[in-house]
Amino acid sequence: MGQPVIQEITLRNFLSFGPETPPFEMKPLNVLIGPNASGKSNFLNALAICTVLPTDGLERVISDGGGAEEWIWKGAGTSGSATLELVVDWNGPEDGIFRPPLRHRFEFRSKENRVELVAESISDTIVIDPRGIPWQHYVYKNGIARVAMTSPAATKEVEVHLNKSILAQLKYPDRSLAPNRLDATYRGIRMYRDWSIGATSTVRYFQRSDLPTNPLEEDLSNLALFVNHLSDNPSVKRNLLNYLRDLYPEFEDIRTPVKGGRIQISFQERGVTIPATRLSDGTLRYLCLLTILLNPEPPPVVCIEEPELGLHPDLLPKIADLMVEASERMQLVVTTHSDIIIDALTEHPECVVVCEKGEGGTEMKRLDGEKLKGWLEDYRLGALWMKGQIGGTRW
């Protein structure tokens, strides 16, 4: 597997995560299991917050979730504050030099049910200054904001708005600067959660042909263009067709005809054209998953909620295998209730994270392959889960 872009996440007083939540180490592939209301979706919500920190969309996302009070752990009371802290790798392939990972800490509270910044900082995780002080590229604390973009000593005071992150306020032309790298990473996170693929969804009809071709938009609005883009790569197109033939052997080809500046997906089946309007929900969902996981130039971080929905159980081991393969090129965070998917990850138990709700909030525990070695000689991983041997069950 590849190297994780997001190396560590700490959530405190955030949704179902309590004040003593320890840092959680991220891997290239992170498959979250556990009962309903254990905190899996809340972990994804934290990453969703990160996607809007470089934009003016933070207040909208907080408001859509019920207002700032609803994002703060109920055990913290009305005067509490929520903290998101991430350690992010910011070494680009073009750099040629080592940069220590960045630690980004963002703390907010509720003021009249709207988000208000309490503290924020962007700093190196490794001390390279001879004085033993980590480079703080930006820090806001006690009402004062300071930036140090070019060196640890070259600091200056700046004014900031308290309803948004510094990433949405200070923009620098030098893309190698720490805030810009965080900006690019957060904007690159893709959340595939609420897919609309029903009979009347726009994904089934002709779509605009002037949309981005890569990656797949979260609302699937560019699916036809994305398929067309992937089809330009012979190896990817071949793999895509082979996986689609696993769905049903009558499948021959996938096409993306353009008419009047609009584009639509169609399948070729025994010489007959089947437009997207006539494809089943499961077929379209499977196609979306394939395009996401086969993408040779993916976004840095991809989140998928319950990929098993609408799919025949026979297809799920293939999806699990694809997730393992795709984690060489992208970091994946996946939630699932499928023991079949977990069964298929028996050779990769360290990819599975058990989520449970304790007295102090959500608890996340990554499986240890060495500790499970004896069990896995006799049982598949999904079977152990269903037997209650690894946690993450309702009993």
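Quick note: the sequence shown uses my numbering, first residue 1, plus one each step.
We treat Cβ as the ideally placed atom computed from N, Cα and C, and that holds for glycine.
These numbers come from a predicted model, not from an experiment.
Buried/exposed call for residue i, threshold 16 Cβ in 10 Å
i, result
"R190", "buried"
"V272", "exposed"
"R285", "buried"
"K40", "buried"
"P313", "exposed"
"S280", "exposed"
"S38", "buried"
"I62", "buried"
"I197", "buried"
"V258", "exposed"
"I292", "buried"
"F98", "exposed"
"E377", "exposed"
"I342", "buried"
Short Cβ contact (8 Å threshold) for residue i with residue j
i, j, result
"P179", "L162", "no"
"V88", "T21", "no"
"A326", "A344", "no"
"S121", "A68", "no"
"Y192", "V160", "no"
"I340", "G369", "no"
"L332", "P307", "no"
"N13", "A82", "yes"
"F251", "F226", "no"
"R146", "W90", "no"
"L316", "S338", "yes"
"W73", "G358", "no"
"P54", "D183", "yes"
"R204", "T277", "yes"
"L177", "V158", "no"
"W71", "L117", "no"
Distance between beta carbons of residue j and residue i, contact taken as under 8 Å
i, j, result
"F24", "N42", "F24 to N42, Cβ: 12 Å. No contact."
"T335", "L32", "5 Å"
"A224", "I265", "5 Å"
"L401", "S221", "As shown, the chain starts at 1 and ends at 395. That puts residue 401 outside it, with no answer to give."
"G261", "G34", "Actually they do not touch by this definition, with Cβ atoms about 46 Å apart."
"N295", "I263", "Actually they are not in contact, since the Cβ atoms of N295 and I263 sit about 18 Å apart, beyond 8 Å."
"M1", "E328", "6 Å"
"E305", "L44", "6 Å"
"L29", "V324", "6 Å"
Minimum C-alpha distance to residue i - residue among the options
i, options, result
"W375", "K365, G388, M364", "G388"
"N233", "E297, G34, F106, K74", "E297"
"E8", "P275, G282, H104, E69", "H104"
"W135", "A119, T155, L86", "T155"
"V236", "P28, V61, L322, A148", "L322"
"G80", "V115, V61, M26, G66", "V115"
"D253", "I263, P275, K259", "P275"
"V127", "E112, P101, V147", "P101"
"P215", "P300, T10, R255, P307", "P300"
"T256", "T346, F206, R245, S201", "F206"
"P4", "L170, N242, M26, L15", "M26"
"R60", "R146, V158, S209, K164", "K164"
"T10", "L182, I72, L86, L58", "L86"
"L244", "S196, K318, M386", "K318"
"L247", "T277, I390, G310, E217", "G310"
"I6", "W385, M330, E269, M386", "M330"
"L372", "K365, I390, M386, E356", "I390"
"E356", "R394, W71, I342", "R394"
"D124", "L293, L58, H137", "H137"
"D194", "G188, E217, R187, L384", "E217"
"S113", "I292, D64, T291", "In the sequence on display, residue 113 carries Asn and not Ser. The residue with the shortest Cα to Cα distance from N113 is D64."
"G75", "N36, E107, P19, F106", "P19"
"L240", "R270, S201, N36, T283", "T283"
"C303", "F108, G188, T213, K365", "G188"
"T106", "G66, A46, D56", "First, the residue type needs correcting, since residue 106 is Phe and not Thr in the sequence shown. Nearest of G66, A46, D56 to F106, Cα basis: A46."
Cβ-heavy atom distance, residue i to the ligand MN, below 7 Å
i, result
"Y140", "With respect to small molecules bound, the structure shown includes none, and the ligand MN cannot be examined in it."
Any chain C beta carbon closer than 8 Å to residue i
i, result
"K74", "Among the protein chains of the structure shown there is no chain C, as only one such chain exists."
Checklist entry - Do the stretch 343 to 354 and the stretch 48 to 68 meet, that is, are 3 or more Cβ pairs less than 8 Å apart? => result no
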